[in-house]
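Student: Below is a structure I'd like to ask you about.
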Amino acid sequence: MRIGVIGLGAIGGVTAQRLLDAGFEVSLGAGRLYEEIASKFPRARVGKSLPEGEYGLILLCVRTADTERALAPAAQLLKPDGAVVCLQNGLPEERVARIVGAQRVLGAVIGWSATMTEPGEYVITGGGKFTLGGTSPRLEHARLVLQHAFPVRVTYNLAGARWSKLAMNCAMSTLGAITGFSLGELAARRYVRTLALRIVAEVVDAARARGVTLEAVAGVRPDWLVRLPAPLAHAAVWLAARRRPEQKSGMIARLQQGRPAGIEDLNALIDAPLNNALVRQVREIERGERRISPQNLAELL
33 MRIGVIGLGA IGGVTAQRLL DAGFEVSLGA GRLYEEIASK FPRARVGKSL PEGEYGLILL
93 CVRTADTERA LAPAAQLLKP DGAVVCLQNG LPEERVARIV GAQRVLGAVI GWSATMTEPG
153 EYVITGGGKF TLGGTSPRLE HARLVLQHAF PVRVTYNLAG ARWSKLAMNC AMSTLGAITG
213 FSLGELAARR YVRTLALRIV AEVVDAARAR GVTLEAVAGV RPDWLVRLPA PLAHAAVWLA
273 ARRRPEQKSG MIARLQQGRP AGIEDLNALI DAPLNNALVR QVREIERGER RISPQNLAEL
333 L
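Each number in the working numbering comes from the position in the sequence shown (counting from 1) with 32 added on.
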């Protein structure tokens, strides 16, 4: 069975490489950098868009905002009994369903981290697993494929896993992006932990308003976290960061490389004061109007 990977940033690149190493037939849609990517993936067919052929699985690894542009040309290549697996941040499944149909959509919440140092070159910055869910009958098949890249946990509450990951990313990833701090540096500061918990609370409120039941991701359930007494909540944030204290937000590298940070897949989904303020700061950094600096935190306190 042929597998397609669309988007060769850190998540798509690492996943594609591991599936190739496991012996799968993998084709890549690498966008404008396809010539540079092709030289790093000699065992794969590589094109600007996904090369012609029939695909049993398509792994979609682009920013959610690029979903329609990236997937629409490839949708006709998906086998009738195939599925698209969204390896994206945010809440992408509804957008994908409008293109290929809801019964052909799966989602995977990424519990590991990586960065792209240059096109086709990747560094894994934190271990973890995929949390895979959705209504497609191809769920078990996708699990068997993806487990060759990273361990896979199946959930029957994908929305809950998505929103839980969104809550943590909106806090720690974006605070890391505007400051340049690692997870350990963020969690070591009480005032940053307080900010993070307030950001998480805004996301939890948005999830509740949509009737979503959150579930634990990486051992943390955000709605329980924000209900804890302050000393326990702070301790939980600190302990979670200790697992990967040196890890930095992948948004930092994208901002430093002049690429979009991907804030539209995170805080821009939450219409609430702190999340709105973070969106404004990140977009100012993207436009060169603001620097990555711990001083950015002062405007949020």
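Virtual Cβ for every residue (Gly too), placed ideally from N, Cα, C.
Between which residues of its own chain and lysine 72 is the CB-CB distance below 6 Å, once the five residues before and five after are set aside?
Tutor: Closer than 6 Å at the Cβ level, and outside the excluded window around lysine 72, lie Gly152.
Student: Please report the straight-line C-alpha distance between valine 137 and alanine 174, rounded to a whole angstrom.
Tutor: Between valine 137 and alanine 174, the C-alpha separation is close to 11 Å.
Student: What do you reckon, are the CB atoms on valine 1 and leucine 91 nearer than 7 Å?
Tutor: The requested residue 1 is not part of the displayed model; the chain covers only 33 to 333.
Student: Using DSSP's beta-bridge definition, name the partner residues of valine 58.
Tutor: Answer by DSSP bridge pairing, in chain order: Ile35.
Student: As a quick exercise: from Glu316, Lys80, Arg276, pick the residue whose alpha carbon is nearest that of arginine 339.
Tutor: Here the chain has residues from 33 to 333 only, and residue 339 is not among them.
Student: Which same chain residues, not among the five before or five after isoleucine 43, have their C-beta less than 7 Å away from its C-beta?
Tutor: So the qualifying residues of the chain are Cys93, Leu119, Ile142, Ala146.
Student: Is it buried or exposed for glycine 41, if we count other Cβ within 10 angstroms and need 16 for buried?
Tutor: By the 10 Å Cβ count, glycine 41 comes out buried.
Student: On the DSSP bridge assignment, give the partners of cysteine 118 in chain order.
Tutor: Cysteine 118 pairs with Leu92, Gly139.
Student: With a Cβ-Cβ cutoff of 7 Å, do alanine 293 and leucine 287 count as a contact?
Tutor: For alanine 293 and leucine 287, yes; Cβs fall inside 7 Å.
Student: In the DSSP assignment, find the alpha helix (DSSP H) that holds valine 184 and state where it starts and stops.
Tutor: Not the alpha helix (DSSP H): valine 184 falls in the beta strand (DSSP E), residues 184 to 186.
Student: Where are the alpha helix (DSSP H) runs, 4 residues long or more, that stay fully inside the segment 150 to 227, in chain order?
Tutor: Counting whole runs of 4 or more residues, the segment 150 to 227 contains the alpha helix (DSSP H) stretches 171 to 178, 190 to 200, 206 to 211, 215 to 219.
Student: Between which residues of its own chain and alanine 70 is the CB-CB distance below 6 Å, once the five residues before and five after are set aside?
Tutor: Here the set comprises Val78.
Student: Would the beta-carbon of glycine 160 fall within 7 Å of that of tryptophan 144?
Tutor: Yes, the pair counts as a contact, with Cβ atoms nearer than the cut-off.
Student: In its own chain, which residues sit with a C-beta less than 6 Å from the C-beta of alanine 107, not counting the 5 before and 5 after it?
Tutor: The residues are Ile131, Val132.
Student: What is the residue span of the alpha helix (DSSP H) that arginine 50 lies within?
Tutor: Per DSSP, arginine 50 belongs to the alpha helix (DSSP H) from 42 to 53.
Student: For isoleucine 231 versus alanine 203, is the C-beta spacing smaller than 7 Å?
Tutor: The answer is yes: Cβ separation under 7 Å.
Student: Are there 16 or more other CB atoms within 10 angstroms of the CB of glutamine 327, so buried, or fewer, so exposed?
Tutor: The residue is exposed, with fewer than 16 neighbouring Cβ atoms inside 10 Å.
Student: Suppose you measure from the CA of glutamate 234 to the CA of leucine 218; what does that come to, to the nearest Å?
Tutor: In a straight line, the C-alpha of glutamate 234 is about 19 Å away from that of leucine 218.
Student: For alanine 309, I'd like the list of residues in its chain whose CB is within less than 8 Å of its CB, leaving aside the five on either flank, ordered along the chain.
Tutor: Hits under 8 Å: Glu331, Leu332.
Student: How big is the Cα-Cα spacing for threonine 187 and alanine 193?
Tutor: Between threonine 187 and alanine 193, the C-alpha separation is close to 8 Å.
Student: Give a yes or no on whether the C-beta atoms belonging to valine 236 and valine 258 are separated by under 7 Å.
Tutor: Cβ atoms of valine 236 and valine 258: closer than 7 Å.
Student: Would you list the residues sitting across from lysine 111 in a DSSP beta bridge?
Tutor: Partner(s): none; lysine 111 has no beta bridge.
Student: Please work out which residues of its chain come closer than 6 Å, Cβ to Cβ, to arginine 185, disregarding the five sequence neighbours upstream and downstream, and give them in chain order.
Tutor: Result list for arginine 185: Lys161, Thr163, in chain order.
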